[in-house]
Amino acid sequence: MRYVSTRGMAPRVDFEGALFSGYAPDGGLFMPEELPQLDTETLRKWSTLSYPGLVKELCALFIDPELIPRDDLHDLIDRAFRRFRHPEVVHLSRLRNGLNVLELWHGVTYAFKDLSLCCTGQFLQYFLEKRKKHITVVVGTSGDTGSAAIESVQGAKNVDIIVLLPKGHCSKIQELQMTTVLKENVHVFGVEGNSDELDEPIKAVFADVGFVKEHNLMSLNSINWSRVLVQMAHHFFAYFRCTPSMETDPLPLVEVVVPTGAGGNLAAGCIAQKMGLPIRLVATVNHNDIIHRTIQRGDFSLAKAIKPTLASAMDIQVPYNMERIFWLLSGSDSQATRALMEQFERSQDLRLPKELHSQLSAAVTSACVPDEAITRTMARCWEQNRYLLCPHSAVAVTYHYHQMDRRQPSSNPWCCLAPASAAKFPEAVLAAGLTLETPAEIRALESKETRCAPMRRGDDWTLILRGAIEGLSQQWRGRAQSST
């Protein structure tokens, strides 16, 4: 299995190359050169597997056994899921009126990103120990990625991690989950800006290919292929738990409702679809609606500003994984994808070509959900089911209620992905007029010591970031020399 850049100007790489790269050298994102096609027999076989079992099968398709032998791969995945609170790792709650909620938040940080990042962390450490190498991971976060990335590598001897968080733009709990980890290899910066603004210095650093190579830099944002790979399992698990039958031919369709910001889960769903999984995707967004506008009208252009919402982890204007979807739906046309993305980067305004837009709207439908609807949905779900949704999960469930209220329920079963626990968003729970039983481990964050370096407005953030990276490289070289 080889991986190519969506922009077609970078050399092909194997899984290890894609894992350690983040962005491809030409600014594109890595995708598999060919997608395996799954026949009905394979899907039937997979339908009885656990969530970790599905992750193992999917990873075996995309990671050559010469790189990670199968027994090692299975051990790494078992180790990755060891700290999850639920015995199934991922759990489906079946609620009233056909509402299925897939809980992706039973990991250490109570968010779906634990699922992919705990596996990615295991893959990284496997290769680093084998190659006797050190890397510095750089992560920009809108809320959940930072803490999940920290948990996946904290204390690892071959990895330093730098996280940039948007000060005041994520929930207090999300921030504390990052700033209270005092391990020597964890370095958190609080940026006086939003999540799109803090991506700028990261992009600037990764654009300097020589610097990236010299300091062994990589990113763990959802640009990283290994994260998208593991996230494909959400869609397979949702399908197998919600389909009415695995015996019919063709297999029935299931609708998967995906609350989305940067588009990682959506890209994973599109790939699963292309591999033969019979799902229909519904992308649901908050006020920051670039994905919705793109699907509805082919309008992939930036709004004037990010609007802060209750679903703060989705307050994103540049959904970089849409590039993967454009490439996939254009028949792997890297030349066309490169032209589109370069135009977007130049003008921040793009109208999709007619053919690509029709492919996109055939693969995915969408809905936009304002804050008032989020709190209404949280209250309604509690009233009907005694079930507490986080605001991001409520963005998905709003679509379900909307269809029910219009008396236009789909003839297909559907499944709403729930990316985080309500325990992480007490402010939103309060706004919905509800009360929250906060888990003891989250309450304990309040009394812990914190560590966070500032990046203030007016500072040169790129310079600060480069300085931090250079300092870590010097320390690593010093340690490496003293141990020889």
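The letter at position 114 of the sequence shown is residue 117 when you use the numbering used here, and the numbering goes up by one with no holes.
Here a beta-carbon is modelled for each residue, glycine too, at the ideal position from N, C-alpha and C.
Keep in mind it's a predicted model, so treat the numbers as computed, not measured.
- In terms of CA proximity to C455, T182 leads the group T182, L313, L105, Q128.
- The region 230-249 makes contact with the region 260-269; the number of CB pairs closer than 8 Å reaches 3 or more.
- Ranked by how close their Cα comes to the Cα of D463, the residues S119, V208, E91, H137 have V208 in first place.
- DSSP places N224 outside both helix and strand once states are collapsed to three, so it counts as coil.
- Between T9 and L32, the C-beta spacing is below 8 Å.
- With a contact defined as Cβ atoms closer than 8 Å, I294 and V288 qualify at about 5 Å.
- Here the C-alpha atom of A342 lies approximately 45 Å from the C-alpha atom of R88.
- Between the region 344-360 and the region 299-307 there are three or more C-beta pairs closer than 8 Å, enough to call the two in contact.
- Nearest to V140 by C-alpha distance, out of V162, A151, N100, is V162.
- Shown here for L332: same chain residues with a beta carbon closer than 8 Å to its own, the five before and five after excluded, namely C273, L359, Q362, L363, A366 in chain order.
- Boundaries of the alpha helix (DSSP H) harbouring D199: 198-210, taken from the DSSP string.
- Looking at G301, F126, E386, K277, the one whose alpha-carbon comes closest to that of P39 is K277.
- The Cβ-Cβ distance between F18 and F84 does not fall below 8 Å.
- With distances taken between CA atoms, T453 lies nearest to Q180 out of G196, P90, Q180.
- Counting only runs of at least 3 residues, the region 270-294 fully encloses the following beta strand (DSSP E) elements, listed from N- to C-terminal order: 282-288.
- Per DSSP, reduced to three states, the secondary structure at P429 is helical.
- In this model, N324 and L269 are separated by some 8 Å (Cα to Cα).
- CA-CA distance, L127 to L22, rounds to 8 Å.
- M458 sits in a strand when the DSSP states are folded into three classes.
- With 16 or more neighbouring CB atoms inside 10 Å of its own CB, P204 falls in the buried class.
- Excluding its 5 nearest sequence neighbours in each direction, R283 has C-beta neighbours in its own chain below 6 Å: L256, E258, listed in chain order.
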